[in-house]
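Top line first, the protein sequences correspond to chains A and B. Remember, our numbering sits 1 above the position in the first sequence when you count from 1. Remember, our numbering sits 1 above the position in the second sequence when you count from 1.
Protein chains: 2
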Amino acid sequence: MSVDLDTTVEARLRDAGQRYTPQRRDLLHLLAQAASPVSIPQILADGDELKQSSVYRNLAALEQAGVVRRVPTDEEYGRYELAEELIGHHHHLVCSNCGTMRDVEVPAELEQTLDRTLDRIAKRAGFARVEHRLDLLGLCGTCAAMA
Amino acid sequence: MSVDLDTTVEARLRDAGQRYTPQRRDLLHLLAQAASPVSIPQILADGDELKQSSVYRNLAALEQAGVVRRVPTDEEYGRYELAEELIGHHHHLVCSNCGTMRDVEVPAELEQTLDRTLDRIAKRAGFARVEHRLDLLGLCGTCAAMA
DNA sequence: CCGGTTATGGGAATCATTCTTATCACCGGG
DNA sequence: CCCGGTGATAAGAATGATTCCCATAACCGG
C-alpha cells in the first residue's frame, strides 16, 4: 500500500503542476502512519527536520492536490489526515477534554442507512453532492480516569 | 418560548455568578432567531450596537454558562448557536462552497440507531459520556446554480 | 549545461481571538 | 438615599496560529 500511496500522490501532484519532494513524502508518510488526524504541533515536534513555514505550505499543496484533508476541531490549531479516497471512509472519536482523535469505522449497514436518509433530507433542502461527517465526542480513558 | 428562554438563561448566568445584561439578551435573541449557527462577522454586522470585544467576551460567558455553543467550521471564524438543551438536538447542513449552515433534524429512529451503535463503539474504545455530531456537507442551491 | 519554474526557510505580515485597563452600571447594606 | 464592591463595557494592545514575501536552492526539460 505504501508504494501505491507514493505513486498515487505523485500523480496527483503532477496533475496539479507540483512536485513530489522528499519533504512532502515525509509528511505523507507521517500522516499515513498516524491513522488519525495529526496536529501541526505534533508534526513539527516529530520530524524536526520539517520547517514550520514549509509544513504549512506543503500541507496546503497536498490539500489542493486532494491527497490530504484539513479536519476542523474545537482546538486552536488544525489537524490533517489523508484524504478518504486514500484511506477509506471513516469517522472520528474525539476526546472533548484533551482533544486527541482516533479513527473509527461504523458498520456498513449504518453507513447505508445514513446515506439514504441524509440524501433525502439534503435533496429536500436543495443541497447537491452531499456527504456526511460523523464524530463521536466523549472522554477518552485517560481523561476519564483523571476526572 | 421566548419568555422561557430569558428566564432560563438568566438563571444559568446567575448560577455562574454573572449577570443577564441587555447586551447578552440581544445576543441570545439574535441566536434564537437565526435557527442556525451564526458567525462573528454576521453578529457584528447585524446589531451594530454590539462592540467586537464585548461580543467575544459575552459569547465566552454564555458558553461557560452552558447556554451557547461554539460550532467548529472549515472557515476562518467561529460560529455560535444556542445549546442543544435549549433548542433541541439537531444537525447541520453545511455548504462546502459558501459555508452557510442550516439546522436540520433527522428521524428519531435514525437517532436511536446511531446512539445505540456509537455507544457500543465508544465503549469498546474506552470512551465515556459519548454524544455524536453529524453534519451534512454539500452544495447549497445558490452555489450549485453558479457552478 | 542553461533557463525557467517550483520548492525551501527565515522572518515579517495578517487576522481572528484574547487580554488589559480604565471607566461605567448594578445591587445590597447602612 | 448614598456608598462600596463586584461584575460589565469599550478601546486598544497583545497573542498566536496561519499566511505571505523574498532571496536562495533544487529540479526538469531541452
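Glycine residues also receive a C-beta, built at the ideal position from the N, C-alpha and C atoms.
For residue i, count neighbouring Cβ atoms within 10 angstroms of its own Cβ and tell me buried if that reaches 16, exposed if not.
| i | result |
| --- | --- |
| residue 116 of chain A | exposed |
| residue 141 of chain A | buried |
| residue 70 of chain A | buried |
| residue 102 of chain B | buried |
| residue 45 of chain A | exposed |
| residue 13 of chain B | buried |
Return the bridge partner residues of residue i from the DSSP annotation.
| i | result |
| --- | --- |
| residue 139 of chain B | B/96 |
| residue 129 of chain A | B/140 |
| residue 82 of chain A | A/70 |
| residue 27 of chain B | BP columns for residue 27 of chain B are empty, so no partner. |
| residue 134 of chain B | A/136 |
For residue i, which of the options has the nearest alpha-carbon?
| i | options | result |
| --- | --- | --- |
| residue 87 of chain B | B/94, B/43, B/68, B/23 | B/68 |
| residue 50 of chain B | B/63, B/109, B/28 | B/28 |
| residue 108 of chain A | B/57, B/23, B/121, B/63 | B/121 |
| residue 74 of chain A | A/95, A/146, A/17 | A/95 |
| residue 128 of chain B | A/33, A/143, A/129, A/125 | A/143 |
| residue 147 of chain A | A/90, A/99, A/131 | A/99 |
| residue 76 of chain B | B/55, B/41, B/124, B/56 | B/41 |
When you compare only the Cα positions, how much space is there between residue i and residue j?
| i | j | result |
| --- | --- | --- |
| residue 43 of chain A | residue 137 of chain A | 22 Å |
| residue 97 of chain A | residue 19 of chain A | 37 Å |
| residue 93 of chain A | residue 80 of chain A | 12 Å |
| residue 7 of chain B | residue 26 of chain B | 8 Å |
| residue 83 of chain B | residue 24 of chain B | 16 Å |
| residue 118 of chain A | residue 145 of chain B | 21 Å |
| residue 47 of chain B | residue 62 of chain B | 20 Å |
| residue 126 of chain B | residue 56 of chain B | 39 Å |
| residue 5 of chain B | residue 106 of chain B | 22 Å |
Within 8 Å of chain B by C-beta, residues of the stretch 70-95 of chain A in sequence order
71, 73, 74, 75, 94
Give me the subset of the stretch 128-147 of chain B whose CB atoms are less than 7 Å from a CB atom of chain A, sorted by chain position.
128, 129, 130, 131, 132, 133, 134, 135, 136, 137, 138, 139, 140, 141, 142, 145
Select from the stretch 36-53 of chain A all residues with a C-beta closer than 7 Å to any C-beta belonging to chain B, and list them in chain order.
none
Beta carbons nearer than 7 Å to chain A: which residues of the stretch 98-112 of chain B have them?
103, 105, 107, 108, 111
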